[in-house]
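Protein chains: 2
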Amino acid sequence: MRFGGRSTEILREPQQDRSRATRQRLLEAAIECIAEQGFAGSTVAVVAERAGVSRGAAQHHFPTREDLVTSAVEYVSAQRLAVLRSHAVDLPVGLARTREVVTLIGRMYTSPLFRAAINVWVAASSDERLRERVIGLEAQVGRESHRVVVELLGADESRPGVREAVQATLDLGRGLGLANLLSDDGRRRRRVLDQWAAMLAETLADGDRPTA
Amino acid sequence: MRFGGRSTEILREPQQDRSRATRQRLLEAAIECIAEQGFAGSTVAVVAERAGVSRGAAQHHFPTREDLVTSAVEYVSAQRLAVLRSHAVDLPVGLARTREVVTLIGRMYTSPLFRAAINVWVAASSDERLRERVIGLEAQVGRESHRVVVELLGADESRPGVREAVQATLDLGRGLGLANLLSDDGRRRRRVLDQWAAMLAETLADGDRPTA
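Taken in order, these protein sequences are the chains called A and B. Under the working numbering, the residues of the first sequence are numbered 34 to 245, in order. Under the working numbering, the residues of the second sequence are numbered 34 to 245, in order.
And the structure:
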């Protein structure tokens, strides 16, 4: 052995990289697969084939479909939130900022990730085993999304009504995403988001006036 | 025959009534069944059993599951909208009115009908045949819901931003309904809707000021 005692260690690193890359491919393929074909058709075997990974390797990473699906939603959500947060540096101020953030939120809720997430939620609503896992995941992703949006908007949640207005923004995004599920209603969505941005900007600015 | 030539006609009416009652039982059972068990498990046979109707009779009314499911969403939506509209006479004025209407909308989107509708939309998003029928139905129910809400709010849609704010209210309701799918978040929902009502009332009142 050329590298003496260190060869095993050196070999282990690329193997770990490969293993991580395989895992990521599976997670991304799972989201695409669920978004396009629904939850029922997205078994570990189907996702493995889509990712170009052997069924055995896929099952080594994710023994059950619940493992694969919840890990996929968690991983891709974290990625999307990191991308969303990265916009923070380029944001303008005032109404223009609120508008841009609201547009980014609208985009997030019409992505394949959200299509996949809706499918997983609906499947979980009539599947006890999946439900338990998804409830915790949903709460965690919801909290993180809220935190990122507060940061992007520069919102002061100690002001009355601001916290609820930020939550309403995420609920509105979710509703618009659901409306977009069967047919693209992008034009309508942009008008609705524009109006909401105007209303939200006023609440963020007038936060010390009692609003409710 | 005691009633002479008229007996057939007299017999036909109760038969039509019975047929209509059977149809309604099937439609209501379909919504309950989909809301609880999801779309996949809600076949015509399963719904027929729940409604206490023979499989043959069910198939006479609804030859395919697509017929049953889309008719159910249409029928129960029309019923719910009629109930919603009936509240128009008791509504207070000003912010109190907006609050009450927003509360009614929140309730509509957390009902079994909406749970069933989400299941149908999601199933339709990966089922070409169902999709075609659901897209038309969704547009129709959406238009009618919008009209009823405009009426209940007493909103003047010729004012800038008002139409979009009403649409946003329905999109928000949809998003809140989706958030409620896996676990009851009624407390959070009430706070969000309260804040929303305050912002919406301002837009409805200040409609002549440019808002966006």
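Beta carbons are placed, not taken as given, at the ideal position from N, Cα and C, and that holds for glycine. Predicted, not measured: the structure shown is a model, and the values here were computed from it.
Across the segment 144-155 of chain A, CB contacts with chain B closer than 9 Å involve 148, 151, 152, 154, 155, in sequence order along the chain. Contact check for residue 215(A) and residue 64(B): beta-carbon distance about 19 Å, past the 8 Å limit, so the pair fails to qualify.
For residue 159(B), the nearest beta carbon of chain A is closer than 8 Å to its own beta carbon. When DSSP assignments are scanned along the segment 43-100 of chain A, the uninterrupted stretches of alpha helix (DSSP H) that are 4 or more residues long and fall wholly within it turn out to be 77-84, 88-94. DSSP places residue 158(B) inside the alpha helix (DSSP H), whose first and last residues are 145-158. Within the same chain, and ignoring the five residues on either side of residue 105(A) in sequence, the residues whose Cβ sits closer than 6 Å to its Cβ are 60, 63, 64.
At a beta-carbon threshold of 7 Å, none of the residues of chain B lie near residue 140(A); the nearest stands roughly 15 Å away. For the segment 196-207 of chain B, the set of positions with a beta-carbon nearer than 8 Å to some beta-carbon of chain A reads 197, 198, 200, 201, 203, 204, 205, 206, 207 in chain order. Residues of the segment 212-231 of chain B that bring their beta carbon within less than 9 Å of a beta carbon in chain A comprise 212, 214, 215, 216, 221, 222, 224, 225, 226, 227, 228, 229, 230, 231, in sequence order. Within chain A, the residues placing a beta-carbon under 7 Å from that of residue 73(B) are 73, ordered along the chain. DSSP places residue 220(A) inside the alpha helix (DSSP H), whose first and last residues are 219-238.
In this structure, the alpha-carbon of residue 159(A) lies about 18 Å from that of residue 101(A).
Ranking 186(B), 224(B), 86(B) by CA distance to the CA of residue 236(B) puts 186(B) first.
One thing to note: residue 91(B) has its Cβ within 8 Å of the Cβ of residue 81(B). Taking all protein chains in view, the Cβ of residue 228(B) is crowded by 16 or more other Cβ atoms within 10 Å, so the residue is classified as buried. Annotated as distal: residue 203(B) and residue 211(A), with beta-carbon spacing of 8 Å or more.
Taken through DSSP and simplified to helix, strand or coil, residue 109(B) comes out as helix. The Cβ-Cβ distance between residue 56(A) and residue 103(A) does not fall below 8 Å. In the three-state reduction of the DSSP assignment, residue 126(A) falls in the coil class, being assigned neither a helical nor a strand state.
The residue from 233(B), 208(B), 149(B) with its alpha-carbon nearest to that of residue 193(B) is 233(B). Taken through DSSP and simplified to helix, strand or coil, residue 139(A) comes out as helix. By alpha-carbon distance to residue 94(B), the top candidate from 157(B), 51(B), 133(B), 126(B) is 51(B).
DSSP, reduced to helix, strand and coil, places residue 177(B) within a helical segment of the structure shown.
At a Cβ-Cβ threshold of 8 Å, residue 77(A) and residue 98(A) count as neighbours.
Three or more beta-carbon pairs separated by less than 8 Å are not found between the segment 176-190 of chain B and the segment 172-179 of chain A, which leaves the two stretches without contact. Separation of residue 137(A) and residue 207(A) (C-alpha to C-alpha, rounded to the nearest whole angstrom) is 13 Å.
For residue 230(A), the closest C-alpha among the options 127(A), 79(A), 121(A) is that of 127(A). At a Cβ-Cβ threshold of 8 Å, residue 146(B) and residue 191(B) do not count as neighbours. Under the three-state reduction of DSSP output, residue 198(A) falls in the helix class. The straight-line gap separating the alpha-carbon atoms of residue 200(B) and residue 75(B) is approximately 31 Å. Secondary structure of residue 209(A) (DSSP, three-state): helix. In this structure, residue 181(B) keeps its C-beta atom at 8 Å or more from the C-beta atom of residue 88(B).
Excluding its 5 nearest sequence neighbours in each direction, residue 149(B) has C-beta neighbours in its own chain below 6 Å: 64, 67, 68, listed in chain order.
Residue-level contact by beta carbon holds for residue 171(B) and chain A, with a gap shorter than 8 Å.
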